[in-house]
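>
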Amino acid sequence: MRDLNALESFVVAAETLNFSLAAELRNTVQSAISAHVRKLEDELGCILFTRGRGRPMHLTPEGEAFVIYARRILGLSDEAVKAVRGARTLRRIRLGTTVTLAMSVVTQALRQFAQVEPDVQIHIQCERSDALLALLDAGEIDVAFMMDQGRRPGRDFVESTALVWVGVAEFDKTSAQEVPLVFLTDGRDLRGYAFEALDRVGRTGFLAHLSPHPIGVRAFVLAGLAITVMPQTAVVPPLVNLGSALELPRLKDVALSLYHDPRKAGQDVKLFSRAIHDQLATEV
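Under our numbering, think of the first position of the sequence shown as 697, with each following residue one higher.
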């Protein structure tokens, strides 16, 4: 059924049950409405309306069934046009970051950026830091925000932030002389920093739990079963810094950085990068 004009005439006629009124609503003449309906009836091989002198017009059973599909076809047509038009004007930033940063720094940066550029669509893809630069190089993301992977072209900024011991306020501090820890299954760097710091002051820690995903690590922390290590800037309620409360040693600083392809970085990317950098700066 390719004639959308005929379908529109049929739907309006079906809703008004009056060809004259349908013609008025369609800004045409009654004969055009009749011609559209006849065309559809010829294509379908059935009568869509019952019409007769002195008798009100009604949809036939075939007409009642077909009007449902006609509305769907017209609706899909409108949707397709809007989608194509929207795609032409869409401004989009594809951000790659870690789960931990997405749930903290990025959340605040999104709020700041949306106040300035509310029409830019943001796509967020969460991966480990060491996987994000490959996605950037492959053109699958526009921006990579993560723990720094070493200087290379396209680094917009690098900001130092302290690592801290993170848990919940309800964590049982009386039983924490031997510190229960939770890390990613392959999170060797942060795990190493933690045990190195504990060894330095003669404290004992043990690996209480592991998870292959940051959400799993967070679940153990939120349950009060263990503490973990993360950048200070990523600590948002209900997580808290337990370093002082547990008299734990200071951890090393780490660097957070943002990269983008300098050949493709437009004004939107630059503004978004600035929003993330501003959030880091407020934590310093």
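Yeah, the Cβ is synthetic: ideal placement off N, Cα and C, and Gly gets one too.
#1: The alpha helix (DSSP H) that contains PHE916, what's its start and end?
#2: Assuming VAL707 contacts ARG767 under a Cβ cut-off of 8 Å, what Cβ separation, rounded to an integer in Å, is found between them?
#3: Between the Cα of LEU938 and those of ASP868, GLU737, VAL780, spot the shortest distance and give me the residue it belongs to.
#4: Whose CA, out of THR756, ASP826, ASP949, lies closest to the CA of ASP882?
#5: When you compare the region 790 to 806 with the region 842 to 850, are there three or more beta-carbon pairs, one atom per stretch, that lie closer than 8 Å?
#6: Which first and last residues belong to the beta strand (DSSP E) in which ALA858 is found?
#7: Measure the beta-carbon distance from ALA941 to ALA805 and round it to whole angstroms, keeping in mind my assumption that it falls under 8 Å.
#8: Could you have a look at THR793 and say whether DSSP puts it in helix, strand or coil?
#9: CA-CA distance, ALA728 and GLY771?
#10: In angstroms with no decimal places, state the Cα-to-Cα distance between ASP949 and THR929.
#11: So SER705 and VAL733 are supposed to be a Cβ contact under 8 Å. How far apart are they, rounded?
#12: Report yes if the C-beta distance between THR978 and PRO927 is below 7 Å; otherwise report no.
#13: Is ARG790 near the ligand GDP, with its Cβ less than 6 Å from a heavy atom?
#14: So, with DSSP's three-state summary, where would you put ARG824?
#15: Which same chain residues, not among the five before or five after ALA922, have their C-beta less than 6 Å away from its C-beta?
#16: Which residue or residues does DSSP assign as beta-bridge partners of GLU739?
#17: For GLY850, count neighbouring C-beta atoms within 10 Å of its own C-beta (all shown protein chains included) and say buried if the count is 16 or more, exposed if not.
#18: Does DSSP classify ASP949 as helix, strand or coil?
#19: Cβ atoms of ALA893 and LEU935: under 7 Å apart, would you say?
#20: Could you check what DSSP says for LEU721 in three-state terms: helix, strand or coil?
#21: Contact check, HIS819 vs ARG847 under 8 Å by CB: the rounded distance?
#22: When DSSP labels each residue in this structure, what does PRO927 get in the three-state scheme?
So, to answer that:
#1: 910 to 918
#2: 6 Å
#3: ASP868
#4: ASP826
#5: yes
#6: 851 to 864
#7: No, ALA941 and ALA805 are not in contact; Cβ-Cβ is about 29 Å, not under 8 Å.
#8: strand
#9: 22 Å
#10: 11 Å
#11: 7 Å
#12: no
#13: In the structure on display, the ligand GDP does not appear, and there are no ligands present to speak of.
#14: coil
#15: PRO876, LEU877, VAL878, ALA904, HIS905, PHE916
#16: None, per the DSSP bridge assignment.
#17: buried
#18: strand
#19: no
#20: helix
#21: Not confirmed; about 26 Å, so no contact.
#22: strand
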